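For reference, the structure discussed in these notes is given below.
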Amino acid sequence: KMPEGPRLGIVTNAGGPGIMATDAICENGLEMASIKDSTKEYLRSFLPSAASVKNPVDMIASAPVAHYEKTLKALIADENVDAIMVIYLPLMGLDPMDVAKKVMEIKDENPKKPILGVMMAKNEFFAQINKVETNIPFYQYPEPASNALTKLYKQFEWTQRPVGKTPDFKVNKSKVVDVIANALKQGRGQLTT
47 KMPEGPRLGI VTNAGGPGIM ATDAICENGL EMASIKDSTK EYLRSFLPSA
97 ASVKNPVDMI ASAPVAHYEK TLKALIADEN VDAIMVIYLP LMGLDPMDVA
147 KKVMEIKDEN PKKPILGVMM AKNEFFAQIN KVETNIPFYQ YPEPASNALT
197 KLYKQFEWTQ RPVGKTPDFK VNKSKVVDVI ANALKQGRGQ LTT
């Protein structure tokens, strides 16, 4: 699914990767979404006090899969967010496959908004994820995910352009046929003046 706007929401369990993603998004010409106050209030109701409910939403290192689920669903419901990048950094022993499966489950339930996964895990995760059917792309770092999202948005913008008109030129077709035939008879591969 292509994002229908340039505003990205980021869900992460670590501030550093959230900043990396923010920098990449801004450098690529997209925008960080302004999360609605009602969404922030909801996030504050279950995230720890040390978490940041601004964008990027930093749930902190101890975030369980349930926090990924609630936070992702909140950003999907927020109309100020056009696309979402979910970042996981293995800090507290949470299995990256558990996070990936939950994100894909939520994507199945909410197909309209684009979601990208950034799993800053070991290569073993990518060997595992390649063996299952996925419904979102997974990247190891925020920068390639940002590049992909930027290209998707540019493609969306291109599809929204008005239909162009092909110009119709008046051509003396018999004269063109004669010029080409003459060039071929002379063994020329180019038309010159």
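Counting from 47, one number per residue, gives the positions in the sequence shown under the working numbering.
Don't be surprised by glycine CBs; every beta carbon is placed ideally from N, CA and C.
Since this is a predicted model, take the numbers as computed values, not measurements.
Q: Run through the segment 77-113 for me and flag every whole beta strand (DSSP E) of 3 or more residues, listed as ranges in chain order.
A: Entirely contained in the segment 77-113, not one beta strand (DSSP E) run reaches 3 residues.
Q: Helix, strand or coil for alanine 229, going by three-state DSSP, please let me know.
A: By one-based count along the sequence shown, residue 229 stands at place 183. Of the three classes helix, strand and coil, the one that applies to alanine 229 here is helix, per DSSP.
Q | methionine 143 - containing beta strand (DSSP E), residue span | A | For the purposes of this step, residue 143 is identified with residue 97 of the sequence shown, where counting begins at 1. Counting along the chain, methionine 143 sits inside no beta strand (DSSP E); it lies in the alpha helix (DSSP H) bounded by residues 142-155.
Q: Could you pull the start and end residues of the beta strand (DSSP E) that alanine 129 belongs to?
A: Counting from 1 along the sequence shown, the entry for residue 129 is found at position 83. Under the DSSP assignment, alanine 129 falls in the beta strand (DSSP E) whose first and last residues are 129-134.
Q. By how many angstroms is the C-alpha of valine 57 removed from the C-alpha of leucine 195?
A. Along the sequence shown, one-based indexing puts residue 195 at 149. Along the sequence shown, one-based indexing puts residue 57 at 11. If you take the alpha carbons of leucine 195 and valine 57, they lie about 15 Å apart.
Q: Compare the C-alpha of lysine 100 against each of Ser84, Ser108 and Val111 and name the closest.
A: Sequence index remark: in the sequence shown, residue 100 carries index 54 (1-based). For lysine 100, the nearest C-alpha among the options comes from Ser84.
Q | Residue nearest to leucine 140 in terms of C-alpha spacing, selected from Lys159, Pro110, Val164 and Met150 | A | Numbered from 1 along the sequence shown, position 94 holds the residue referred to as residue 140. Here the closest residue by C-alpha is Pro110.
Q: Could you give the DSSP three-state label for threonine 58: helix, strand or coil?
A: Along the sequence shown, one-based indexing puts residue 58 at 12. Taken through DSSP and simplified to helix, strand or coil, threonine 58 comes out as strand.
**Q.** Cβ pair leucine 137, alanine 96 closer than 8 Å
**A.** As a first step, residue 137 must be located in the sequence shown, where it is residue number 91. As a first step, residue 96 must be located in the sequence shown, where it is residue number 50. Not a contact, by the Cβ cut-off of 8 Å.
Q | Nearest-angstrom Cα separation, counted from asparagine 169 out to methionine 78 | A | Reading the sequence shown from its first residue, position 32 is the one you call residue 78. Reading the sequence shown from its first residue, position 123 is the one you call residue 169. The alpha-carbon separation between methionine 78 and asparagine 169 amounts to approximately 29 Å.
Q. Assuming glutamate 118 and methionine 105 make a contact with CB atoms under 8 Å, what is their CB distance in whole Å?
A. Locating residue 118 in the sequence shown gives position 72, counting from the first residue. Locating residue 105 in the sequence shown gives position 59, counting from the first residue. In the sequence under discussion, the amino acid at residue 118 is leucine, which differs from the glutamate named in the question. In this structure leucine 118 does not touch methionine 105 by the C-beta definition: roughly 10 Å separates them, more than the 8 Å allowed.
Q: Tell whether a beta-carbon distance below 8 Å holds between leucine 76 and tyrosine 199.
A: Mapped onto the sequence shown, residue 76 falls at position 30. Mapped onto the sequence shown, residue 199 falls at position 153. Judged by their CB atoms, leucine 76 and tyrosine 199 are nearer to each other than the 8 Å cut-off.
(Q) Could you pull the DSSP bridge partners for glycine 163 from this structure? (A) Mapped onto the sequence shown, residue 163 falls at position 117. In DSSP, glycine 163 forms a bridge with Val132 and Phe184.
Q. Which residues mark the beginning and the end of the alpha helix (DSSP H) in which phenylalanine 310 is found?
A. An answer regarding residue 310 cannot be provided, because it is not within the stretch 47 to 239 covered by the chain.
Q) Do you know how far the Cα of proline 208 is from the Cα of isoleucine 81? A) Residue numbering aside, residue 81 sits at position 35 when the sequence shown is read from its first letter. Residue numbering aside, residue 208 sits at position 162 when the sequence shown is read from its first letter. Going from the Cα of isoleucine 81 to the Cα of proline 208 covers about 31 Å.
(Q) Using C-beta distances below 6 Å, list every residue in its chain close to valine 103, excluding the 5 sequence neighbours before and after it, in chain order. (A) Counted from its first residue, the sequence shown places residue 103 at position 57. Correct list, in chain order: Val57 and Thr117.
Q) Relative to the alpha-carbon of proline 157, which residue among Met165, Lys177 and Ile130 has its alpha-carbon at the smallest distance? A) Start at 1 with the first residue of the sequence shown, and residue 157 comes out as number 111. Distances from the CA of proline 157 to each of Met165, Lys177 and Ile130 were compared; the closest alpha carbon is that of Ile130.
Q) From Lys153, Gly62 and Ala123, pick the residue whose C-alpha is nearest to that of tyrosine 88; which is it? A) The residue given as residue 88 occupies position 42 in the sequence shown. Taking only the C-alpha atoms, the option nearest tyrosine 88 is Ala123.
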